[in-house]
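Undergrad: The numbering of the sequence shown is our numbering, which starts it at 43 and goes up by one.
Note that CB positions come from ideal geometry on N, CA and C, so glycine has one too.
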Amino acid sequence: MTALATLQAKNIPHGDIRVAFTPDEEVGKGAKHFDVEAFDARWAYTVDGGGVGELEFENFNAASVTIKIVGNNVHPGTAKGVMVNALSLAARIHAEVPADEAPETTEGYEGFYHLTSMKGSVDRAEMHYIIRDFDRKHFEARKRKMMEIAKKVGKGLHPDCYIELVIEDSYYNMHEQVIAHPHVVDIAHQAMVDCDIEPQMKPIRGGTDGAQLSFMGLPCPNLFTGGYNYHGKHEFVTLEGMEKAVQVIVRIAELTAARKGH
43 MTALATLQAK NIPHGDIRVA FTPDEEVGKG AKHFDVEAFD ARWAYTVDGG GVGELEFENF
103 NAASVTIKIV GNNVHPGTAK GVMVNALSLA ARIHAEVPAD EAPETTEGYE GFYHLTSMKG
163 SVDRAEMHYI IRDFDRKHFE ARKRKMMEIA KKVGKGLHPD CYIELVIEDS YYNMHEQVIA
223 HPHVVDIAHQ AMVDCDIEPQ MKPIRGGTDG AQLSFMGLPC PNLFTGGYNY HGKHEFVTLE
283 GMEKAVQVIV RIAELTAARK GH
């Protein structure tokens, strides 16, 4: 909003500008009901990045995995050959997931499996994972891996005991869409250079509403906010960083206005 106020107060030339605020971004639902046609823009930027200079147009392909396990609980004194411990099955499932492909052991373009929660008892258990990978083929392979694990661990169970696995895709790598519109990234890159900011072009080890919007026909890279250590107890944002973000947004407006056919 400060960038818009600056454009207006200083009467800076610019083309038509559309602004939107999306709720529920952190749960991946921010763009679910976004009306791209009504928004009526050729391209856009989310301001959802981190440190000064970040310019992102690659993100994870993402999916969530829910595993429901039904066992059979009987008195432990007479359990031999009868009891099926759902918690033991859950432990076996997680033991099959590659331990060296977790968030705490990966970086850069490396993908991962992440057990986010699990709960249960002897007769029932539930596990929740998220799957992330930049490469679509590797992403699909990770989903198949989870299905194979569930099938392997569930093999030979009594018909009343079973493992149910549901995988739901969350979002995809915006690079697949943004790459066809290089000027969108070029303008933001030039804006940062003009503001004496060194662009930091790196993949997002996460996602933004821009990823979903890009696949809805609105190319949408991500710009920095000036904040650091997001989603942790050491999260903070600097006033100087936010001021830099305002400068870049204003400069993007100026550069866009200068383009032929904007």
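To test your reading of the DSSP string, which unbroken beta strand (DSSP E) runs of 3 or more residues are found completely within the stretch 157 to 206?
TA: Entirely contained in the stretch 157 to 206, the beta strand (DSSP E) runs reaching 3 residues are, in chain order, 166 to 175.
Undergrad: What does the Cβ neighbour count give for GLY57, buried or exposed, with the cut at 16 atoms within 10 Å?
TA: Sequence index remark: in the sequence shown, residue 57 carries index 15 (1-based). Under this definition GLY57 is an exposed residue.
Undergrad: Could you check whether the stretch 237 to 245 touches the stretch 90 to 100, counting it as contact only if at least three pairs of C-beta atoms, one from each stretch, sit closer than 8 Å?
TA: Cβ pair count under 8 Å is three or more, so yes.
Undergrad: For ALA104, which option in ILE135, LEU129 and ASP177 has the closest C-alpha, if you only look at C-alpha atoms?
TA: Locating residue 104 in the sequence shown gives position 62, where the first residue counts as 1. Ranking ILE135, LEU129 and ASP177 by Cα distance to ALA104 puts ASP177 first.
Undergrad: Of the residues LYS74, LYS110 and ARG184, which one's Cα is nearest the Cα of HIS170?
TA: Working through the sequence shown from its first residue, we reach residue 170 at position 128. When only C-alpha atoms are compared, the closest one is LYS110.
Undergrad: Note down, in chain order, each residue of its chain lying with its Cβ closer than 7 Å to the Cβ of ASN53, except the 5 sequence neighbours on either side.
TA: What you label residue 53 is simply residue 11 of the sequence shown in a count that begins at 1. Counting only Cβ-Cβ distances below 7 Å, and skipping sequence neighbours, we find nothing.
Undergrad: Would you check if the distance between the CB atom of ASN264 and the CB atom of ASP90 is smaller than 8 Å?
TA: The residue you call residue 264 lines up with position 222 of the sequence shown. The residue you call residue 90 lines up with position 48 of the sequence shown. Yes.
Undergrad: I'd like to check one pair, GLY196 with ASP205: are the Cβ atoms closer than 8 Å?
TA: Walking along the sequence shown from the start, residue 205 turns up at place 163. Walking along the sequence shown from the start, residue 196 turns up at place 154. The question names Asp, but residue 205 in the sequence shown is Ile. Contact: yes.
Undergrad: Taking buried to mean at least 16 other C-beta atoms within 10 Å of its own C-beta, is VAL124 buried or exposed?
TA: By 1-based counting over the sequence shown, the position of residue 124 is 82. Under this definition VAL124 is an exposed residue.
Undergrad: Note down the Cα distance separating PHE181 from ASN215, rounded to an integer number of angstroms.
TA: Taking the sequence shown and counting its residues from 1, the one referred to as residue 181 is at position 139. Taking the sequence shown and counting its residues from 1, the one referred to as residue 215 is at position 173. Taking the straight line joining both Cα atoms gives about 10 Å.
Undergrad: What whole-angstrom Cβ distance do GLY113 and ALA128 have, given they're in contact under 8 Å?
TA: Position 71 of the sequence shown, counting from 1, holds the residue named residue 113. Position 86 of the sequence shown, counting from 1, holds the residue named residue 128. Correct: roughly 3 Å between the Cβ atoms.
Undergrad: Could you tell me which whole alpha helix (DSSP H) segments of length 4 or greater appear in the stretch 110 to 166?
TA: You should have 128 to 138.
Undergrad: So is SER159 buried or exposed if we call it buried at 16+ other beta carbons inside 10 Å?
TA: Here residue 159 corresponds to residue number 117 of the sequence shown, with the count starting at 1. Exposed: under 16 other Cβ atoms inside 10 Å.
Undergrad: Which two residues bound the contiguous beta strand (DSSP E) that contains LEU324?
TA: Because the chain in this structure spans residues 43 to 304, residue 324 falls outside the shown range and cannot be described.
Undergrad: Could you tell me the alpha carbon to alpha carbon distance between THR44 and PRO55, rounded to whole angstroms?
TA: For this step, residue 44 is matched to residue 2 along the sequence shown. For this step, residue 55 is matched to residue 13 along the sequence shown. Approximately 16 Å between the Cα atoms of the pair.
Undergrad: Quick check: TYR155 and CYS262, are their CB atoms within less than 8 Å of each other?
TA: Your numbering for residue 155 matches position 113 in the sequence shown. Your numbering for residue 262 matches position 220 in the sequence shown. Result no, Cβ atoms of TYR155 and CYS262 do not sit closer than 8 Å.
Undergrad: Could you check if LYS286 is buried or exposed, using at least 16 other CB atoms within 10 Å of its CB as the buried criterion?
TA: Here residue 286 refers to the residue found at position 244 when the sequence shown is read from its first residue. When all chains shown are included, LYS286 counts as buried.
Undergrad: Check each candidate in GLY269, GLU296, THR147 and ASP142 and name the one with the smallest Cα separation from GLY283.
TA: Mapped onto the sequence shown, residue 283 falls at position 241. Residue GLY269 is the option with its Cα nearest to GLY283.
Undergrad: Helix, strand or coil for ALA105, going by three-state DSSP, please let me know.
TA: Position 63 of the sequence shown holds residue 105. In the structure shown, ALA105 sits in a strand (DSSP, three-state: E or B).
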